[in-house]
Amino acid sequence: MIWRFETGDEVVGSGAVVDGLLFIGSQDNILYALDALTGDLVWSFETGAQIYASPAIAAGLVVIGSSDSTLYALEQGSGELMWSLDLGRQIWSSPAIVDGIVYIGSWSGLLSAIDLATGDLLWEAETDGQIWSTPVVRDDRIYVGNNGGALYAFAREDGAEIWRFATGDDVNSAVVVSEDRVIFGSVDGTVYAVDVESGEEVWRFTAGEPFYASPSLVEDVVLIAGEAGGLLHALDATTGDELWRIQTGNPGNNRSSSAWIVDGVLYIGSNDDRIYALAPPE
24 MIWRFETGDE VVGSGAVVDG LLFIGSQDNI LYALDALTGD LVWSFETGAQ
74 IYASPAIAAG LVVIGSSDST LYALEQGSGE LMWSLDLGRQ IWSSPAIVDG
124 IVYIGSWSGL LSAIDLATGD LLWEAETDGQ IWSTPVVRDD RIYVGNNGGA
174 LYAFAREDGA EIWRFATGDD VNSAVVVSED RVIFGSVDGT VYAVDVESGE
224 EVWRFTAGEP FYASPSLVED VVLIAGEAGG LLHALDATTG DELWRIQTGN
274 PGNNRSSSAW IVDGVLYIGS NDDRIYALAP PE
């Protein structure tokens, strides 16, 4: 162990490291900025309720949502509050920042676009369920799922709905976008691929266990872990056919993180208190 820093409650969101600082929120209501090498506290900022989301950093600002319904923008080096915006309901969604605009969802079911520099609300787009997932921006569109069992595509310019795709249950995780399709998992136990332009289904893979983790796309292979079975599935991104599966964790009591591959090694975290480093099958 290199260092350990104790917060006042659980940490469920991911951290972000920029310029030697680690930014991470906790259910003790506090966003922490730590020295990434030593773990020393550089600054902290207390919100009005628990933080479930991960922060996003751009243009010297750290942006984080809180369960107190407020989106905060803090100066990266000092933690000084630059602006805040009340979005009306709890924020569990992590922000996406592209070209000076913050995109974020909330329990109100609204996807909001906010000017990063000023905190001004630019537009809001309505969905029919709470948004827990992180929006994904690709070209001129934003893709986001909700707890109403749907994935939406909105126009970046004004938030106009382009299409929606209905699943059998919540869509709580972020999508991955390839050249011509959007791929995501649902709590209904299915991984879907839909056409980027039309939102029509291209293929589906049904595993019979909920999907909460976001998929990863490595070349033409989709990697996604199920909730209950402890299985990591590798799917052909073109057809949806299962190429292989790997057992991790304890079946029946497992939730896995998203998977990633570095230098030919596949890494995945699991609720059995382990991180696995695996050699993917040929």
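Under the working numbering, the residue at position 162 of the sequence shown is numbered 185, and the numbers go up by one with no gaps. Ideal Cβ placement from N, Cα and C applies to all residues, glycine included. All values derive from a computational prediction rather than experimental measurement.
Cβ neighbour criterion (16 or more within 10 Å) applied to residue i
i	result
L23	Since the displayed the chain opens at 24 and closes at 305, residue 23 lies outside it and no answer follows.
N277	The predicted position of N277 is uncertain, since its pLDDT is 49 and thus under 50; a value taken from the coordinates is nonetheless stated next. N277 comes out buried.
W26	exposed
V245	buried
G308	As displayed, the chain neither begins before 24 nor continues past 305, which places residue 308 out of reach and without an answer.
V285	exposed
S77	buried
S37	exposed
V288	exposed
Beta-carbon proximity of residue i to residue j, cut-off 8 Å
i	j	result
G88	L94	yes
L255	D264	no
V41	I80	yes
E69	L84	no
A176	W186	yes
L57	L45	yes
V380	Y166	Here the chain has residues from 24 to 305 only, and residue 380 is not among them.
A82	G142	no
Other residues of its chain near residue i: CB distance less than 7 Å, five sequence neighbours each side excluded
i	result
E149	G132 and L133
D51	T30, G31 and D32
W226	A216, T262 and G263
R204	A216, V217, D218, V219 and V225
V121	V160
L144	L108, S135 and I137
Contact with chain C by residue i, beta-carbon distance below 8 Å
i	result
L145	Checking the listed chains, one finds no chain C in this structure; it contains a single protein chain.
Neighbourhood of residue i by C-beta distance below 6 Å, restricted to the same chain and skipping five residues each side
i	result
G231	G212
G123	L139
G168	S156, L174 and V194
S90	A72, Q73 and Q113
A197	S156, T157, V159 and S237
V210	D192, D193 and P233
W146	A136, D181 and G182
T190	G172, S209 and D211
Y299	T271 and I291
F188	L174, V217 and G222
I206	V199, A216, P238 and V245
F228	V214, L258 and G263
D243	A260
A39	F46, P78 and I80
When the options are compared against residue i, the one with the closest alpha-carbon
i	options	result
L267	R204, Y235 and A302	A small correction: the amino acid at residue 267 is Trp; Leu does not occupy that position in the sequence shown. It is A302 whose Cα lies nearest to the Cα of W267.
G31	M24, A39 and I47	I47
G253	E242, T271 and E184	T271
E184	G142, M105, S221 and D243	S221
P118	D243, V86, T141 and L144	V86
L239	E202, I269 and S281	The sequence as given places Ser at residue 239; Leu does not occur at that position. Answer by Cα proximity: S281.
G43	G100, F28 and A96	G100
V241	L104, Y75, A260 and S116	A260
S92	L104, M105 and Y75	Y75
Check: residue i C-beta below 7 Å from any heavy atom of the ligand GTP
i	result
A72	The ligand GTP is not part of the structure shown, which contains no ligands of any sort.
Own chain residues within Cβ distance below 8 Å of residue i, not counting five before or after
i	result
M24	none
D163	A178, R179 and E180
M356	Because the chain spans 24 through 305 in this model, residue 356 falls outside it and cannot be assessed.
Subject >> Contact between the segment 146-156 and the segment 118-131 (3+ Cβ pairs under 8 Å) >> reply: Yes, the segment 146-156 is in contact with the segment 118-131.
Original post:
Does the segment 109-124 come within contact of the segment 64-71, defined as at least 3 CB pairs closer than 8 Å?
Top reply: Cβ pair count under 8 Å is below three, so no.
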